[in-house]
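Per our numbering, the sequence shown starts with residue 156, numbered consecutively.
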Amino acid sequence: MPSAAGQRRDRKIRMLRRGPMTFESDDTVETFSLLKATDDEMSRLSRDCMLALNLEEMRSIRRHFSALGRDPTDVEMETLAQTWSEHCKHKVFNGVIDYVSGRKTERIDNLFARTIRKATEDIRRAQGPKDRCVSVFVDNAGIIEFDEDYHLVFKVETHNHPSALDPYGGANTGIGGVIRDPLGTGLGGKPVFNTDVFCFAPPDFPYDELPEGVLHPKRVFKGVVAGVRDYGNRMGIPTVNGAILFDERYLGNPLVYCGTAAIIPVDRCEKSAEPGDLVVTIGGRTGRDGIHGATFSSIELTDASESTATQAVQIGNPIEEKKILDVLMQARDRGLYRNITDCGAGGFSSAIGEMGEDTGAEVHLEKAPLKYGGLKPWEIFLSESQERMILAVPPEHIESLRDLCASEDVEASVIGEFTGDRRLRVTHKPDAADRRITVADLDMEFLHEGVPRIVRTARWDPPDHPEPPEAGRPGPAQSLNELLSSWNVASKEWVVRQYDHEVQGGSVLKPLQGARNDGPGDAAVVRPVLSSDRGVIVANGINPSYGDIDPYWMAASAIDEALRQITCVGGRIDRTALLDNFCWGNPDKPDRLAALVRAAKACYDIAVAYGTPFISGKDSFYNEFSDGERTIAIPPTLLISAICVMDDVRKAVSMDVKAPGNSIYVVGCTGDELGGSRYYRMLGFVGRNAPTVDAAAGSGTMNRLHEAISQGLVAACHDCSEGGLAVA
């Protein structure tokens, strides 16, 4: 006879198999009077409803529905707005830019294709049979080869706007969301480590200078750290690499980068939904949290955002996501589904809309499990409630999937079917109604390809920052003490200690190293398959202060720094892949856009020179805060994350000196390049000469250093970054 606990579990499984508890929705479906609207009325509609659509996009929608002879429903308008949002469509990178530098004007048609994607294509072509990329720029994350059984998945995301309004919740769901990206890559990867990089205003920023509607940086700092900590630790995923930067220009817009790497079986990297497959949602229920998250992230923050946009911040539940992870690994290996993706920005609308782009889909909203009653159809379809995945399940496997989900206490609901007509059809059947009503009927081609391309102008005017005078500078000892005690250089151990570095048992080189394990390491080394000595190295490079002089060298140095960190622990740059995450101000302003163009051009030049392909990335624009009197724009900030496969982790080298008497060598050349340095910042200057990158020399240096480490000739190695040789 089953135990009492077993009987309770059986009752729970029977309850889940009967279906979820239901709540009544608000059946109101509105029609937008678009066909007869003036330009002013359409602009006001976009602004008031937080659609974040420009006038040309609104006109395009009006033309489309005018041809259909009807006005759009609210479900259709909201779906188009999130699909066409900057957050989802990357309209700046994919648009047309007239780049003006001096007397020269260059028209760039698709900056992403001309720089980031082209770098990867050129590198892969040059590498030929040595190409290790498996999947790039087509899935939720990038995939490279790892060993005969597994490939390696990696993705880094940002959650900036939500973290500005609710630091804990924004960061909590930021790491939760990026964990779901590898889960939704291929047929699902198993997460093996997390990374995080944060950019804040200084924690001692004067309270009396704080703009209205902005949280104090100290509160933001603590909330973000706690949010990432609580989600990652409870998921049982080690956080092994990261950085924290401070600059007053992050006051209204903190930057929260979160990354997750996973391993996936080599035969589980392809996926596709087929007509007749069931649309299944598993995991959390749908509520109002996160509504307009995609469009909210595509506009600037203002002093009113705190009171008008808090619904765009999602609510996280890591325990629910851990259960989903456990279910998916079993369902994947049993072949119970054909396609999978996560409900991120745009919720069901983006997940189902993207998965069904080549087939079409029909969705029945009344079948979606709700957190509470009163949700309107558009809210159900657009909600970004967390811990939800969409699966394409062959009908013959649905009962097995339901049983598996019930055994792990995970809700699974069939909410539609993939069709073959390339239309996104959304229906709703009110509880008292005799028939189902259609609340959205969109052509997939218009939904995904109908957004008009914008032509923007970028204008580069090189700044001329003076060099600090020689007279009056503090002495070397005082300068070093001030550098070591500055916010950007001082120990972050109290933050790093809050993260679990050991869970899963694969951490080889952890974030803190040295005799007392309190010194910051360069890169982390993880052994994802415990029966093997093959490992993964992860590092990052980020130098926004160089961008004040020239964003080209800012981007170049970020790549160079990440690769130097990989090399310092024993990695090979020819086994390394890169991720790019651009966080920028308003790209509609020519100077901001010119900085983006220069940074992207550097990404192409330096990545190709080093032979390190980009496999994934993300951009976040409109990171500016305005209170009507002033605008605070973040400095152009590019995070480069590097991931490398290491054949034998036993040869990894840490940064700490191992014994007295060891010789110290400086590898490489030092130039007159103090511009943007922490030393100059300490003196109150930017400087004129940012560090440049000689990739040919750097490649040779890194390759020779790798050989020395492989032969056991190096006991410790550390890269020179913030604070230069003195801090290193």
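The C-beta atom is built at its ideal place from N, Cα and C for all residues, glycine as well.
*For R543, which option in N315, N643, S504, D746 has the closest C-alpha, if you only look at C-alpha atoms?*
S504
*Looking at V468 and D321, is the spacing between their C-beta atoms short of 8 Å?*
yes
*asked:* Nearest by alpha-carbon distance to T722: which of T270, H873, I263 is it?
replied: H873
*What are the partner residues of C872, as DSSP defines its beta bridges?*
Paired residue(s): none; C872 is not in a bridge.
_For N396, which residues in the same chain have their Cβ closer than 6 Å to its Cβ, ignoring the five residues on either side in sequence?_
T350, A679, V693
*For G842, name the three-state secondary structure that DSSP assigns.*
coil
*Contact belief for I298 with I479 at Cβ below 8 Å, rounded distance in angstroms*: In fact, because the Cβ distance is near 21 Å, the residues do not count as touching under 8 Å.
*Just mark C824 as buried or exposed, buried being the case when its beta carbon has 16 or more other beta carbons within 10 Å.*
exposed
*Cβ-based neighbour list, N441, same chain, cut-off 6 Å, excluding 5 preceding and 5 following*: Looking at the sequence shown, residue 441 is not Asn but Thr. So the qualifying residues of the chain are A523, L525, I535, S538, S540.
*Do you know offhand how far L602's Cα is from G343's?*
26 Å
*In whole angstroms, what is the alpha-carbon distance linking T340 and G867?*
38 Å
_If contacts are defined as beta-carbon pairs under 8 Å, then Q668 and G674 qualify, I think. What distance do you get, rounded to the angstrom?_
5 Å
*Would you kindly report the start and end of the unbroken beta strand (DSSP E) that includes M801?*
792-801
*Out of R272, Y654, N265, which has the shortest C-alpha to C-alpha gap to T767?*
R272
*By a C-beta neighbour count over all protein chains shown, 10 Å radius and 16 as the cutoff for buried, is S818 buried or exposed?*
exposed
*For R719, which residues of its own chain have a beta-carbon under 6 Å away from its beta-carbon, when the five flanking residues on both sides are left out?*
D874
*Go to Y412, then tell me how far its beta strand (DSSP E) extends in each direction, as first and last residue.*
410-420
*Going along the chain, which residues of its own chain have a beta-carbon closer than 7 Å to the beta-carbon of R833, five neighbours each way excluded?*
L638, S641, N643, V644, E877, G878
*asked:* Can you check which of these residues, R580, R578, I330, is closest to K477 by C-alpha distance?
replied: I330
*Buried versus exposed call for Q633 [16 or more other C-beta atoms within 10 Å across all chains shown]*: exposed
_Within 8 Å, strictly: CB atoms of P372 and L406_ = yes
*So, V383 versus H306, is the Cβ gap smaller than 8 Å?*
no
*Of all the beta strand (DSSP E) runs that stay within the bounds of the region 264-313, which reach a length of 3 or more residues?*
288-290, 297-300, 305-313
_Closest residue to S712 among N741, D760, V752 (Cα-Cα distance)_ = D760
_Is it the case that the region 564-581 contacts the region 428-445, given that we only count it when at least three CB pairs across the two stretches are under 8 Å?_
yes
*asked:* Determine whether the beta carbon atoms of G471 and Y386 lie at a separation below 8 Å.
replied: yes
*Nearest candidate by alpha-carbon position, reference E211, set S198, C204, F220, M205*: S198
*Alpha carbon to alpha carbon, how far is F376 from G783? Give it in angstroms, no decimals.*
25 Å
*For R836, I'd like the list of residues in its chain whose CB is within less than 7 Å of its CB, leaving aside the five on either flank, ordered along the chain.*
S700
_Sufficient close CB pairs (3 or more, under 8 Å) joining the region 742-760 to the region 278-289_ = no
*Is A850 closer than 8 Å to Y765 when the C-beta atoms are compared?*
yes
*With distances taken between CB atoms, is the gap from V812 to A852 smaller than 8 Å?*
no
*Please report how far the alpha carbon of G676 lies from the alpha carbon of K806, in whole angstroms.*
16 Å
*Between the C-alpha atoms of L733 and E716, what's the straight-line distance to the nearest angstrom?*
12 Å
*Simplified DSSP state of L880, which is helix, strand or coil*: helix
*How would you call K259, buried or exposed, if buried means at least 16 neighbouring beta carbons within 10 angstroms?*
exposed
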